[in-house]
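Positions in the sequence shown are counted from 1; adding 246 to them yields our numbering.
Every residue, glycine too, gets a C-beta built ideally from N, C-alpha and C.
Here the structure is a predicted model, which means the values were calculated and not measured.
First up is the structure itself, then whatever we jot down about it.
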Amino acid sequence: MNFALVQRLAKTLSNLALRSEVRIMEVCGTHTVEFFRTGVRSLFPKELILVDGPGCPVCVTPNEYLDRAIEIGKTGAILTTFGDLLKVPSSYTSLAKEKAKGMRVEIVYSPMEALQLAEKNPNEKIVFLSVGFETTAPAEAVAILHAREKKLKNFFVLSGNKLTPPAVKALLDSKEVHIDGFILPGHVSAIVGSKPWEFVALDYGKPCVIAGFEDFDLLTATLKLTEMITKNEIVLENLYKRVVKKDGNTRAIEIMYRVFEKCSSHWRGIGTIPESGLAIRDEFFEYDAEKIFSVELPPVKVSSACRCGELLRGLISPPECPLFENACTPEEPIGPCMVSSEGPCAAYHRYYKM
Ligand code: SF4
Numbered sequence: 247m248n249f250a251l252v253q254r255l256a257k258t259l260s261n262l263a264l265r266s267e268v269r270i271m272e273v274c275g276t277h278t279v280e281f282f283r284t285g286v287r288s289l290f291p292k293e294l295i296l297v298d299g300p301g302c303p304v305c306v307t308p309n310e311y312l313d314r315a316i317e318i319g320k321t322g323a324i325l326t327t328f329g330d331l332l333k334v335p336s337s338y339t340s341l342a343k344e345k346a347k348g349m350r351v352e353i354v355y356s357p358m359e360a361l362q363l364a365e366k367n368p369n370e371k372i373v374f375l376s377v378g379f380e381t382t383a384p385a386e387a388v389a390i391l392h393a394r395e396k397k398l399k400n401f402f403v404l405s406g407n408k409l410t411p412p413a414v415k416a417l418l419d420s421k422e423v424h425i426d427g428f429i430l431p432g433h434v435s436a437i438v439g440s441k442p443w444e445f446v447a448l449d450y451g452k453p454c455v456i457a458g459f460e461d462f463d464l465l466t467a468t469l470k471l472t473e474m475i476t477k478n479e480i481v482l483e484n485l486y487k488r489v490v491k492k493d494g495n496t497r498a499i500e501i502m503y504r505v506f507e508k509c510s511s512h513w514r515g516i517g518t519i520p521e522s523g524l525a526i527r528d529e530f531f532e533y534d535a536e537k538i539f540s541v542e543l544p545p546v547k548v549s550s551a552c553r554c555g556e557l558l559r560g561l562i563s564p565p566e567c568p569l570f571e572n573a574c575t576p577e578e579p580i581g582p583c584m585v586s587s588e589g590p591c592a593a594y595h596r597y598y599k600m
């Protein structure tokens, strides 16, 4: 990327003169982190407020999901998961604490790795904890298709997958938080395309941009969106055309819906959103850990002091939670937002100095 151009954009942003407060939401957890890591966030004039949205899949996964995973682990099955989920508190414990006590929990880097573990260990039951958005669900669908092809009987998926546009719609419907414009997720849009986001401008009158993740992308997105807001240009602008097409990755979408179907899903802090989750189709029943392992769940318990819910709805920023860096730290997290690599509290803890 042209360094001189990035410098020019950075100067434009830091010199931006706004007559009144402008509030923009970055929906995606990777954007949350990249705004800090690249230093772009530090260039914001004080009138420009960046609000963190519900775009970290681990953060929006409710306690019930982990409670179920842990009950499944108690049956002797081997749980496989991305590392992010390990320290996230469930209602009473965490995967990391249970692993320390002897539960079989393995970190994997892809669902295919979990599938290979199942192939190598035909006498063990391997459960993949599938927590993600549209970006990861197609790969999980492929793993299930492979499991069927290979006639594996010991590979299961616990689907906690979610779809992001319905969550943004739910936030807009709630009218709880005032947002002037949205920076929409680049990775998710690479799969679903720009089309599913058109409602933000068309139905809710909010300008929005789809953005990539380099410093150039973040600067361009911020400047363009601010200009659209101040000029009242209510459109969706795809600024990540090198990756995002209008209809997305149609092959990935086709594979995803071959295995999964839309279902109601419970989001931490937001509640149940219709058609915002991905359930394994009945046709693939034998791979669905929720249906195969009939376990009894303990009553759901959420720390009353944890403010992850308000954070994920854009109502507060991490330092406004009284537990931030006090009772809640990455070593001893109270909520998932402090421990997920894309969590807003983890990002603030790492990069933000008050
Ligand atoms: S500091 Fe901890 S408890 Fe507070 S919102 Fe963040 S993760 Fe939740």
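Check: Which stretch, first to last residue, makes up the beta strand (DSSP E) that contains I425?; Outcome: Run containing I425: none; DSSP gives neither H nor E here.
Check: Would R314 and E521 be called neighbours here (beta carbons separated by less than 9 Å)?; Outcome: no
Check: Reducing DSSP to helix, strand and coil, say where C305 ends up.; Outcome: helix
Check: Is G581 near the ligand SF4 - that is, is its Cβ less than 8 Å away from at least one heavy atom of it?; Outcome: yes
Check: Can you tell me where the alpha helix (DSSP H) holding L259 begins and where it ends?; Outcome: F249 to S260
Check: With a Cβ-Cβ cutoff of 9 Å, do T410 and F379 count as a contact?; Outcome: yes
Check: So, helix, strand or coil for A315, using DSSP?; Outcome: helix
Check: Compute the Euclidean distance between the alpha carbons of V423 and A498, then round it to the nearest angstrom.; Outcome: 33 Å
Check: Put M474 into one of helix, strand or coil per three-state DSSP.; Outcome: helix
Check: Just how far apart, CA to CA, sit K441 and V481?; Outcome: 12 Å
Check: Go through its chain and collect everything with a Cβ distance to I580's Cβ below 8 Å, but skip five positions before and after it.; Outcome: P335, S549, A551, C552, L569, A573 and C574
Check: Considering only the beta carbon of each residue, do L485 and G451 sit closer than 9 Å?; Outcome: no
Check: Identify, in the order they occur along the chain, each residue of the same chain with its Cβ nearer than 7 Å to the Cβ of V489, setting aside the five sequence neighbours on each side.; Outcome: G432, A436 and G458
Check: Is R287 a contact residue of the ligand SF4, with contact defined as CB to any heavy atom under 8 Å?; Outcome: no
Check: Relative to the alpha-carbon of E370, which residue among T381, L404, T321 and I353 has its alpha-carbon at the smallest distance?; Outcome: T321
Check: Hey, P576 and C554: beta-carbon distance below 9 Å or not?; Outcome: no
Check: What does the alpha-carbon distance come out to for the pair F401 and E500?; Outcome: 22 Å
Check: In terms of DSSP beta bridges, what is H512 paired with?; Outcome: T518
Check: Suppose you measure from the CA of I318 to the CA of I516; what does that come to, to the nearest Å?; Outcome: 26 Å
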